[in-house]
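Trainee:
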Amino acid sequence: MPANRFNGNTDYGIGIGLRVPHYSHILSKKPVVDWFEIISENFMVDGGRPLELLDRILEQYRVVQHGVSMYFGSADKPDRTHLRKLRALVKRTGTPWLSDHLCWGSVDGTYTHDLLPMPYTFAAARRTAEKIRQIRDFIEVPVCVENVSSYAEFHASEMTEWEFLTEVVELADCGILLDVNNIYVSSKNHGFNPYDYVDNVPHHRVGQMHIAGHTKFEKYILDTHDHPVLDPVWKLYAHATRLCGVTATLLEWDDKIPSFGEVHNEALKANEFIGGARKAAV
Amino acid sequence: MKRPPRHPPARIESTADLRSFQRMMASVIVRPLTADDGLQPRWVDGRPMDEVASEFVKPNDRLTSFERLELYNRMYWSRLFDAIRDDCPGLLAALGEDAFSRLAREYLARCPSRSFTLRNLCSRLERFILEKPGLTAPRTRLAAEIARFEWAQTVAFDGESRPVVAESYFARTAPSRLRLGLQPYLTLLRLRYPIDTYMIAVKRRDALRSEASNTPGAAAVHRAFRRVGPPRPRRTHVAVHRHNNRLFYKRIDPAAFRILEALRAGSTLSRAIAAAGPGVKPAKVKGWFTSWMALGWFCARGNKRRRGAS
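Below, the structure is given as structure tokens:
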């Protein structure tokens, strides 16, 4: 399912995150890259250099927006200022789809700026799906929700994380940004089989995938995005692409960012792991 | 954020339950850390925190409920503390690590983020410094001015830009009726300290440090840098603005500053020029306006938010 209604019927290939240390290289060398993912909030400003740079990137590259603070799962209503700025940015970038996380992070207007895990309950799924629908209707592009990495589980939960994800996307009729690194991190932190997760989400709704590096500590794994993708994540990615098809894939590298070439080469390794899916598609 | 419930909801069957759960968890996460960077051992009502945590967070075979919440508590403070450090290098240099950390902790505890973007995190810092002078004494006035200056830089970096008025705009309306707007990204600062030169020194030092950190023996080079001392008082008038999307500080003659202040406050062009004072020659005023026009500072006055001179 490379192209589906959740990614605007596009077939975008392998992209990387647009990050400040690479601006100069990208603008001067104009490397060939399938697409860039931008953090929407970094460009939801009223003017100045961020928008100038974005416009220069847009002249030459395809850009997809990824948000970090819409908080579909917060009980609060969506912030109107946030929505207006997001819609303006969507018009500017022409993003074929937009993603943000299946999480919460604000309450009563106070923001934690974190991607906090949901209690997996039917009531929470209904509220989250309602918000996704409202937001999608306002910004008028398809929405994909991303599973987050997490470090806590709650007594109130009534189902597994993948069941919750499925419940939300079915109720909202939206897509999934399947972050296979996040699945792996959470599986180690919570003791579930990551393949059960990948096997049991609605594959036809996966519009995009994320891959990234993580860091192992003695008692838990942190989703640090600060080094190359680890082998178990590549294997999980290969499995996911066999089930979902060759899907728009993005490498996240957000800390200790190396050269553009190193990041891009790491992303392109994805090609080595999607052969099975390619054969199945032929 | 509203007061958290005494106990988190055992079941989440409605949006109200979800909100109650989220208030509980967010209240834990944003609580200040202990001196050892840990989750506070007692909840706001005095109960042991591990007892409260176990009411809603499951333990696993490696981490207790308390420890799992503590991870989020630490990440919250680390993230916001890093953000405030990034935005306030001048304040950090002026106060030093310890005083800056104390100020940042208190500020974040009392003024948590109310915006979807961390860009706005320091928008209330100047006011907070003036309201809690004990945190920055004896340099409260200096600290407040640096905070104001650093916020002005944020505004200049990505604030709104409106269409620049053409020269013909001046010809169409009599000066006694003409009111000009100033670009929203432009902040006028009337300061007791020369914060502009101070900030340039801080940035130069930080740039050198950054360069040195990539070279062998960086530590030795690092030690050789002189500390940027706090500036001595000197009345200074500065406009923090951008030109061709680059950040600039422009010193402004006091009489010229009064004109700009008056224009921003809504005075007509005639009254604004009169605010400069009787001794200012017309040729000088003309030169100022020529320069400001070239910088694109004037726009039509709108009803959208106005930024007062400070």
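Which chain is which? The protein sequence lines are A and B, in order. Numbering-wise (this note's numbering), the first sequence opens with residue 11 and increments by one. Numbering-wise (this note's numbering), the second sequence opens with residue 245 and increments by one. Glycine included, each C-beta is placed from N, C-alpha and C at the ideal position.
#1: Just to confirm, are A/C113 and A/I142 a CB contact at a threshold of 9 Å?
#2: Just verifying my parser: in three-state terms, what is the DSSP assignment at A/Q218?
#3: Looking at the structure shown, is B/K494 part of a helix, part of a strand, or coil, going by DSSP?
#4: Check whether chain A comes within 9 Å of B/F344, counting only Cβ atoms and requiring the distance to be less than that.
#5: Could you tell me the alpha carbon to alpha carbon distance between A/S79 and B/R363, rounded to whole angstroms?
#6: Is A/N191 close to chain B? Criterion is C-beta to C-beta, closer than 9 Å.
#7: To the nearest angstrom, report how far apart A/H220 and A/R94 are at their CA atoms.
#8: Does the beta-carbon of A/V178, which I'm using as the reference point, lie nearer than 8 Å to any heavy atom of the ligand GTP?
#9: In this structure, how does DSSP classify A/S159 when only helix, strand and coil are distinguished?
#10: Could you work out which residue in A/A258, A/V216, A/D264 is closest to A/H237 when comparing CA atoms only?
#11: Looking at B/A483 and B/L430, is the spacing between their C-beta atoms short of 9 Å?
#12: Using a Cβ distance threshold of 8 Å, determine whether the stretch 146 to 154 of chain A contacts the stretch 262 to 271 of chain B, with at least three qualifying pairs required.
#13: Mind checking if A/H200 is an interface residue toward chain B, Cβ cutoff 9 Å exclusive?
#14: If contact means a Cβ-Cβ distance below 8 Å, which residues of the stretch 283 to 301 of chain B contact chain A?
#15: What residues in its chain sit with their C-beta under 8 Å from that of A/L278, if we drop five residues either side in the sequence?
#16: Classify A/Y121 as helix, strand or coil using the three-state DSSP reduction.
#17: Are the Cβ atoms of A/A248 and A/A287 separated by less than 9 Å?
#18: Would you mind sorting B/P382 into buried or exposed? The rule is 16 or more other CB atoms within 10 Å of its CB.
#19: Have a look at A/N210 and A/E171 and give me their C-alpha separation to the nearest angstrom.
#20: For a quick check, are the C-beta atoms of A/L99 and A/F132 less than 9 Å apart?
#21: What distance in whole Å lies between the Cβ atoms of A/Y207 and A/I186, which are believed to be in contact at a cut-off of 8 Å?
#22: Rank A/V117, A/S50, A/K101, A/H235 by C-alpha distance to the C-alpha of B/R259 and give the top, closest one.
#23: So, do the stretch 158 to 173 of chain A and the stretch 288 to 307 of chain B have three or more beta carbon pairs nearer to each other than 8 Å?
#24: How about A/V195 and A/A250: do their beta carbons lie closer than 9 Å?
#25: Does the CB of A/L28 have a neighbour CB from chain B at under 9 Å?
#26: For A/K39, which of helix, strand or coil comes out of DSSP?
#27: Taking C-alpha atoms, which residue in A/G83, A/R97, A/P106, A/G58 lies nearest to B/Q397?
#28: Strictly under 9 Å for the Cβ-Cβ distance: is A/H105 near chain B by that measure?
#29: Considering only the beta carbon of each residue, do B/L365 and B/S359 sit closer than 9 Å?
#30: With DSSP collapsed to three states, give me the class of B/R476.
#31: Residues of chain B with a CB under 8 Å from the CB of A/V155: which are they?
#32: Quick check: the stretch 497 to 514 of chain B against the stretch 65 to 80 of chain A, are at least 3 beta-carbon pairs closer than 8 Å?
#33: So, is the C-beta of B/E389 closer than 9 Å to a C-beta in chain A?
#34: Less than 9 Å between the beta carbons of A/C4 and A/S197, yes or no?
#35: Return the Cβ separation of A/D83 and A/A134 in integer angstroms, given the expectation that the two are a contact with Cβ distance under 8 Å.
#36: To the nearest whole angstrom, what separates the beta carbons of B/A400 and B/R486, a pair I think is in contact under 8 Å?
Mentor: According to the structure data:
#1: No. Outside cutoff.
#2: It is a strand residue.
#3: Look at B/K494 here: in three-state DSSP terms it is strand.
#4: Interface criterion not met: the Cβ of B/F344 is under 9 Å from no Cβ in chain A.
#5: Taking the Cα positions, A/S79 is about 13 Å away from B/R363.
#6: Not one chain B Cβ lies under 9 Å of A/N191.
#7: Going by the C-alpha atoms only, they are around 27 Å apart.
#8: In the structure on display, the ligand GTP does not appear, and there are no ligands present to speak of.
#9: DSSP places A/S159 outside both helix and strand once states are collapsed to three, so it counts as coil.
#10: The closest CA to that of A/H237, considering only A/A258, A/V216, A/D264, is found on A/D264.
#11: Going by beta carbons, B/L430 and B/A483 fall inside the 9 Å limit.
#12: Here the stretch 146 to 154 of chain A does not lie against the stretch 262 to 271 of chain B, with fewer than 3 beta-carbon pairs under 8 Å apart.
#13: A/H200 counts as touching chain B.
#14: Within the stretch 283 to 301 of chain B, the residues whose Cβ lies closer than 8 Å to some Cβ of chain A are E299, F300, V301, listed in chain order.
#15: I24, listed in sequence order.
#16: It is a strand residue.
#17: Contact: yes.
#18: With fewer than 16 neighbouring CB atoms inside 10 Å of its own CB, B/P382 falls in the exposed class.
#19: Those two C-alpha atoms are separated by around 10 Å.
#20: Not a contact, by the Cβ cut-off of 9 Å.
#21: In this structure A/I186 is not in contact with A/Y207, their Cβ atoms being roughly 11 Å apart against a cut-off of 8 Å.
#22: The displayed chain sequence assigns Thr, not Arg, to residue 259 of chain B. Across the set A/V117, A/S50, A/K101, A/H235, the C-alpha of A/V117 shows the shortest separation from the C-alpha of B/T259.
#23: Three or more Cβ pairs closer than 8 Å define a contact, and the stretch 158 to 173 of chain A meets that threshold against the stretch 288 to 307 of chain B.
#24: It is not a contact, given that the beta carbons lie outside the stated cut-off.
#25: No, A/L28 does not count as interfacial toward chain B.
#26: Of the three classes helix, strand and coil, the one that applies to A/K39 here is helix, per DSSP.
#27: For the residues A/G83, A/R97, A/P106, A/G58, the minimum Cα distance to B/Q397 belongs to A/G58.
#28: The sequence shown places Thr at residue 105 of chain A, rather than the His named in the question. Closer than 9 Å: no.
#29: In contact: B/L365 and B/S359 (Cβ atoms closer than 9 Å).
#30: In the structure shown, B/R476 adopts coil according to DSSP, grouped into three states.
#31: Neighbours of A/V155 on chain B: none; closest Cβ ~17 Å, over 8 Å.
#32: No, the stretch 65 to 80 of chain A does not touch the stretch 497 to 514 of chain B.
#33: For B/E389, no Cβ of chain A is located within less than 9 Å of the residue's own Cβ.
#34: Chain A is shown only over 11 to 292; residue 4 of chain A falls outside these bounds and no answer can be derived.
#35: Here residue 83 of chain A turns out to be Gly, not Asp, going by the sequence shown. About 7 Å separates the CB atoms of A/G83 and A/A134; that is less than 8 Å, so the two are in contact.
#36: That pair is a contact at about 5 Å.
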